[in-house]
Each structure stands twice: as structure tokens, then as C-alpha cells.
Amino acid sequence: MSVSGKRSSISSSHKNGEPRTSTAISCNSGSSAEDSSDDDSSDDLICQQLKNKTASNLDCTYWDIQKLIKYTRAGNRTATVLALTCLKEHELNSVSCQQAIRDIGGIEVLINLLTTADVKCKIVALQVLSELAECTLVRRSITDLGGVPHLVTLLASPNYQLRLLAAQTLAHVAKVNKASRMVRKSYYGLARLVDLLDIPISVLERKLEQLSDDEVQMLDVAHAGARALWSLSQSQKNKKAMQRAGCVPLLARLLRSVHRNVLVPAAATVQQCATEEIFKLAMQKEGMIPDLVTHLSSDDPELRKHAALAIFKCAEEKATRDAVRQNGGLDPLVQMLRAETAIKDGNNKPIVAALSGALWKCAISPENVRRLEELDTIELLVTCLKSEDNEEVLTNLVGAIAECCRSPNNRVALRLADGLPSLVALLSGTNPKLLENTVSALGQVAQEPQSLKILLELDGVRLIWTLLKCSDPQVQANAASSLCPFIKHAEDSAEMVRSLIGGFELLVTLLSSNDKRVLSNVCATVSCIASKDKDNLGIITDYGVVERLASLVTTEDPTLRSHLSTAIAHCAVYGSNCRKFGLLGIVPTLVDYMTCSNLGVLRATANALYKLSTEPYNCICMFDSGVVPHLLQTIGSSDEHLQESSAGCLSNIRRMALAAQQEF
């Protein structure tokens, strides 16, 4: 069975398809795992059958295989080639064949043949190894017996068939962790695989029937090399090494090919590597995003899935989101999700996860949300939400809803589509990422009055408040942030908050968190509570909110400084809190905030100083800390709130000074 000159090898897929990869995508897509997992359920089943097979029930194929291996060992060149040719005629994926070859040491014999000087022996041995390597147990044997360095050496062979078969075998073997490391550490291992992708763009752009035999062979080798890199790209270290070896421009070239067998592994490798920041930058430089958008409309579902996954992983960058919109990528994403949703098939979960994830990240840009709004995306997302049970897909769908609901029109659309009960129901789950996105979405929706009423009827506030106990800081932060619109806009929100047993104590306790985002959002929630009702402010004061807030003033984070200053301003108006803050020594630190260039920090700090300046002791501290020059500068600001707070603080300091003069 000759490998050379077969044009059909480009137009047909490998019988076992491309390397299997995980479809799960987390907010931590840049995994630090050393290498990819080589687990495979079907391969493991075969391996278990091999172990359990006993000599008593072995068929005649077992003994025929063993005879052929013996002839391979003992015979001359001709006998070896004939024996291996006969071996290829057997069903090498069967239990009997694999056990026979392993029992008699056939894997070692085949690896030894790779070191011979005879090209024909090497080719036939590789043909057998390439098929056998589809089994996990055989891959491990090849790795343990030192076959990987020999395969890497053959990648540089001048013989086309040797390069092709070596790359095909490595595509299977590299799924083993140890083998993956060996390829990276082997002499020019990854660089040689990358070199296999280097074929002229003219070959990639012409149809198969227009190519010469040599050009078809180049495509065959590029396909095998791309599949091997796909397997290797599941290791973080390999991704970086591949980028250093110069694979990005070559993958970008392959993405412009008209040949599916080259496109699919190339797109798969790109989406695997897209978790690395340096790779994302290289992709933008090479202009890959327009090509990925083009493949979203492909007839091949595998290619569409990998293109969507690549966009999902890269769309955290604004440049990528803009490129997707500018190249018309939002429309096919929505259309494909609508088509996949109509198919009641559990096997399409990976592509639904990829599409919903891509929409989620693209919706971060307001410009993209406007286009998605025109495409009635919210209605589609709600339809998917109601029929979905996969947590990965749900996470992506709710993430997209949360981003889209930053637009007031989409909040109304979500309510009209009856999506609120489905969102509230998700609050009872345990998946941290799903909970994080769900509370974020509900926080956006609660800004719409009618939606707020529905959420209150569904007991949404209590469920969100309960999530403040979650061990995940991101869930805590989003839950605290989502409570603010409920407290601000709900009727009789003060009584609603008081009805949550243990809620105030839990909130104040969170001011001891080590996460700055949690602290910032809890300070915002405290501000809302303190500004709405004096009784509630008195309760959180009794729980020690003044001391907790005072302990945070040394922060350097501008967002936390802004929310903290606002919370101090609202809490300072109750009882003796104003003097307490001064005695705790926060005034000099707040004065230092006035040197910041952030308008939000300046506005909140000036307001806090204004409220604190009602206490004479605090006025003295402010004056001694040099606040007057800062206030004289900010009083001329174009921001009215900053002007008023600065003027009020100066007025109180001046009034205190005049009163002191009159006493003397």
C-alpha cells in the first residue's frame, strides 16, 4: 500500500479523525499543566481487553502475527519487507493483533527497523507503527522503548514517505505526556515539525486537481505535521516553544488554504495555542482573525467549532472583538447558534459551547452589543438557556446575557422573553463560574424597574445575598456588586435588607477579605445601605463597620479607594462615627488620595473629607496634613460634585479657624 502520489489522501480524513481534544473552556484558559493528558476511553477499553485476554481463547490471528514478527527478526531485507507487508494486511486495531505484537516484542523490533539504512524497511515499519499508535498502550510502549527520538530524526529525511509517516505516528504518540516532553527536548523536534508546514501559498490556494504529484505530497506532509503539532499544543511549554520556532506565520498561511485536511488541524492548533498571550499578539500581527471569521461559515462542523473556539479565547482583546465585528463575524455566530439550538442532539455540545463562548467575549464591546441587539440575540440566548443542562454551555450563555444586558433595551428583551426565572434558578447551583456570570447578569437586569419587581417576587435578593458566603472570591465580588441595584431601586429596600437574617454581619465580615475586588464591591454595597436608611446604618455601625473601613485606607487600588471613600462619607453622618474615623487616623491618608489624577477617586475623597470636616478635630488634622492647596485646586474642577465637596470642606475648615480666633 503505497503512500506516495495518492491525491485522495488530501480529500479524505484519517479514519480515526483528528486528535481528540477537550471541549471544556475555563476563565483560566492559560493552563499551567506540563503536558496534555493521553487518556482515551476507547483506547483504554482496548487496553483492558488486552490485559484480560488469556492464552486459552486467542485465535489463529494471534499465532500468525507472532510468526510474522519472528520472520521480521530472523529474515533478510526481502523477508523483513514481505513479513511487514503481510502484517499490514491484518486488522492491526484488533485485540489479538495488538496483544500478539506486544507479547513477542514486536514494538521494539519495529522501532529498531527505524535505525536501519534501508528506506523500504523504514517505510513499511512506520506504516505498521502509525496504525498501531492509535492505541494508548502502544503509544506508551513506543515512548518507553525510545521510539520518539527516532521519529524526530526521520522528520528531517529527504524521503517524502518517511517524513509523512513519522509525522503521522508522532501525531498519535505525542498524546502521551512523556512523549510530548521528549519531542520538545529532542534535537530540533518542534522546529522540524514546524518546517513541515512551510509550503507555498500558491499550493494552498489551488484545488487538488490542479496540483502536481509533488505538490500533493507537500500537502500530505503539511497535514501530518499540523496534526502532530495539534497533539503537542496541549502542553503550555510546547505552545511557547512552537511560537519561538516560528509556527504562527505558517499556521496563518495554512488558514488561507482551500484544503480541508490542512485547515482543520491548523485551526485546531491555533485555538489550542490561543490561551497564550504572546500567541494572541502574534495572531493579531499575522491577521488571523479575518480568516477565522471566514471559517465560521464553513460547511465543515469541525472547522467551524475550532474557528469559534479560537475567537472565544482571543476575544478578550478589544482588537480581536473589533476585527470580528468589522469582518462580519457576529452574524454567522448568531446564525450558527440558532441552527445548532434547533438540533436536538447531545453530540453538538462542543460547538454550542464554542459559539456561545465566542458571543460572550465579543459582547464585551458595546459596539458588538448593538449589532447583537439587531439580531435578536437575547431571545436566542434565552431559548438556549431554557433547554440547556450542560454547565459549560450555561456559563457561556449567561456570560453573553450579562454583557448584552448592559444595554437597557436588552434588559427589557430578556424580561419579555421570560428569561428571569431561568436565571434565578441557576443561583441554586454550585459551579463558581456559572454563579459568577449569573449574579452579574441579574445585577444588570435589576436596573430595569419591572424586571426588579419580578426578581423580588422570585426571592432573587435572598439567593444573591446567600452567595456572599461562597468560598470563591469572584462569586462574592459579583454578588456584592449585584446587590447594589436592588438596594437602590427596590421599594422599602431598607426593610428588605433587614429581613435577611445575618446579612449585615456577613457583609461587614467580608471587609476583612484579601481580595481587592471583593473589598471594593462590598464597600459599594455598604454605601448603598448607609445612604438608604439610618437604622440599617446604625446596625452595621454596631457590627464594627467604622473600624473595618478605617483599616482599608492604606490601599493603593484606585477602584477600592473610590468605593471606600464613598462608604466612609455615608457612614460618617451617623452618631459619633465622624469622630471615630478621625481618631482612627484616616484623615492624613485620605488627604494623600487628593494627589491622585483619577477623577472618580478625587470626587469620592473630596466628599468624604467634606463629611468628616463637620468634626473640629478632623478639620485640624486636615489642615495640618496640607489639604487646603489640594482643595483650592479641585474647587476649580469642571466636575460639579467635586467643586461642591471641595468648597464645603474649605468652608468647614474656615469656619473652625474663625471660631478658634474668636475664642482667643
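full-length UniProt numbering applies: residue 1 is where the sequence shown begins, and numbers increase by one. Ideal Cβ placement from N, Cα and C applies to all residues, glycine included. On a predicted model such as this, the values are computed, not experimentally measured, just so you know.
Helix, strand or coil for Ser387, going by three-state DSSP, please let me know. Reduced to three states, the DSSP call for Ser387 is helix.
Going by beta-carbon coordinates alone, are Leu507 and Ala480 separated by less than 9 Å? yes
Close-in-space but distant-in-sequence residues of the same chain around Val587 (CB under 7 Å, 5 per side omitted): Leu612, Asn618, Cys621, Met622, Ser625
What is the residue span of the alpha helix (DSSP H) that Thr554 lies within? No alpha helix (DSSP H) contains Thr554, which DSSP labels as neither H nor E.
Does DSSP classify Leu296 as helix, strand or coil? coil
Glu205 versus Leu219 - alpha carbon distance: Between Glu205 and Leu219, the alpha-carbon positions lie close to 11 Å from each other.
Per-residue DSSP class, three states only, for Glu34: At Glu34, the pLDDT of 42 sits below 50, so the modelled position is not reliable and the matter cannot be decided from this model.
Where Lys120 and Val81 are concerned, what is the direct C-alpha to C-alpha distance, given to the nearest angstrom? If you take the alpha carbons of Lys120 and Val81, they lie about 7 Å apart.
Distance between beta carbons of His172 and Glu134, contact taken as under 8 Å: 6 Å
Roughly how many angstroms lie between the CA atoms of Asn514 and Ala477, to the nearest whole one? 12 Å
Neighbourhood of Ala657 by C-beta, 6 Å cutoff - its chain only, sequence neighbours within 5 removed: none
Given a cut-off of 9 Å on the beta-carbon distance, is the pair Ser422 and Leu385 in contact? yes
Should the segment 316-336 be regarded as contacting the segment 253-269, the criterion being three or more beta carbon pairs within less than 8 Å? no
From which residue to which residue does the alpha helix (DSSP H) around Asn409 run? 408-416
Give the DSSP-derived three-state secondary structure of Tyr71 in the structure shown. Tyr71: helix per DSSP, three-state reduction.
Does DSSP put Gly443 in a helix, a strand or coil? helix
Between the alpha carbons of Asn112 and Leu154, how many angstroms are there, rounded? 13 Å
Alpha helix (DSSP H) containing Val248: first to last residue? 247-254 is the extent of the alpha helix (DSSP H) around Val248.
How many whole angstroms separate the CB atoms of Val324 and Ile311, which I take to be in contact at a CB cut-off of 8 Å? 6 Å
Which complete alpha helix (DSSP H) runs does the segment 437-514 hold, if anything under 4 residues is left out? 449-457, 460-466, 473-489, 493-498, 503-509
So for Pro421, helix, strand or coil by DSSP? In the structure shown, Pro421 sits in a helix (DSSP, three-state: H, G or I).
Tell me whether Cys135 sits in a helix, a strand or coil according to DSSP, three-state version. coil
If you check the beta carbons only, do Leu609 and Ser651 fall under 9 Å apart? no
Within 10 angstroms of the Cβ of Val258, are there 16 or more other Cβ atoms? Answer buried if so, exposed if not. exposed
In or out: Gln161 buried (at least 16 other Cβ within 10 Å) or exposed? buried
Between the segment 243-256 and the segment 283-290, can you find at least three pairs of beta-carbon atoms closer than 8 Å? yes
Which ranges does the alpha helix (DSSP H) cover as unbroken runs of at least 4 residues, wholly within the segment 591-630, from first to last along the chain? If we require 4 residues or more, the alpha helix (DSSP H) runs fully inside the segment 591-630 come out as 599-612, 616-624.
Option nearest Gln98 by Cα separation, candidates Val124, Leu132, Glu379, Val553: Nearest of Val124, Leu132, Glu379, Val553 to Gln98, Cα basis: Leu132.
Is Asn521 near the ligand GDP, with its Cβ less than 8 Å from a heavy atom? Here there are no bound small molecules, and the ligand GDP is not part of this structure.
When you compare only the Cα positions, how much space is there between Gly329 and Val152? 39 Å
Please list, in chain order, all residues of the same chain as Leu642 whose beta carbon is under 7 Å from its beta carbon, the five residues on each side excluded. Leu602, Arg603, Ala606, Thr634
Given this structure, state the Cα-to-Cα distance separating Arg548 from His563, to the nearest angstrom. 14 Å
Other residues of its chain near residue 668: CB distance less than 6 Å, five sequence neighbours each side excluded: Here the chain covers residues 1 to 664 and nothing more, so residue 668 does not appear.
May I ask you to report which of helix, strand or coil DSSP gives Pro350? helix
Output the distance between the C-alpha atoms of Lys580 and Leu552, rounded to the nearest integer angstrom. Counting only the Cα atoms, Leu552 lies some 15 Å from Lys580.
Going by other Cβ atoms of all chains shown within 10 Å of its Cβ, with 16 needed for buried, is Ile568 buried or exposed? buried
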